[in-house]
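Numbering (full-length UniProt numbering), first residue to last: 1 to 149. Beta carbons: idealized from backbone N, C-alpha and C, even for Gly.
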């Protein structure tokens with residue numbers, strides 16, 4: 001069974017101050033236009049939308065990245081700022097396409113720095129685990145050459 005395609009959405013709501021909601025949807029959220037600029041429907045404020053080919057895997061990665069901020073896993077609520085949530089979703093090591101980014105954050109240096117830092121950390125972790133795997137293979141090859149009896 002193939003993982004469905006869909007969208008990871010980062011949004012805030014005035015009823016939940018200080019909380020960010022990160023949730024998955026099979027449908028792209030509708031953006032209304034005002035003066036030629038895409039703005040989300042109200043009262044929910046949309047901050048980021050990314051399309052993923054493997055939606056459930058992407059959601060799991062987002063939950064792992066934001067786990068320390070988790071408030072309500074069922075509703076995808078995290079006690080963090082939108083920049084941290086956007087950076088966590090954007091830095092996921094899966095193929096994805098950005099569909100919407102809140103204009104407030106387009107050139108924000110904090111967002112760019114957090115995404116770069118998270119991607120760097122992912123790359124270092126991947127290299128460490130690849131090294132461990134390579135060492136394990138070498139050890140298995142060496143041990144296979146040693147007679148047991």
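Which partner residues of residue i appear in the DSSP bridge assignment?
i           : result
residue 6   : 52
residue 102 : DSSP output for residue 102 lists no bridge partner at all.
residue 77  : 21 and 72
According to DSSP, simplified to helix, strand and coil, what is residue i?
i          : result
residue 96 : strand
residue 87 : helix
residue 25 : strand
residue 47 : strand
residue 11 : strand
residue 61 : helix
residue 16 : coil
Do you know offhand how far residue i's Cα is from residue j's?
i           : j           : result
residue 52  : residue 125 : 22 Å
residue 17  : residue 98  : 25 Å
residue 91  : residue 142 : 38 Å
residue 29  : residue 140 : 50 Å
residue 86  : residue 72  : 18 Å
residue 46  : residue 94  : 22 Å
residue 20  : residue 67  : 13 Å
residue 78  : residue 4   : 24 Å
residue 65  : residue 145 : 42 Å
residue 14  : residue 117 : 30 Å
residue 36  : residue 44  : Its pLDDT being 40, under 50, residue 36 is placed unreliably by the model, and nothing is read from it.
residue 49  : residue 102 : 9 Å
residue 11  : residue 136 : 43 Å
residue 25  : residue 74  : 14 Å
residue 127 : residue 31  : 39 Å
residue 80  : residue 131 : 34 Å
residue 57  : residue 138 : 31 Å
Starting from residue i, follow the beta strand (DSSP E) in both directions and report where the run begins and ends.
i          : result
residue 71 : 70-72
Would you kindly report the start and end of the unbroken alpha helix (DSSP H) that includes residue i?
i           : result
residue 122 : 109-145
* Is the region 111-131 touching the region 52-61 in the sense that three or more CB pairs, one from each, lie closer than 8 Å? -> no
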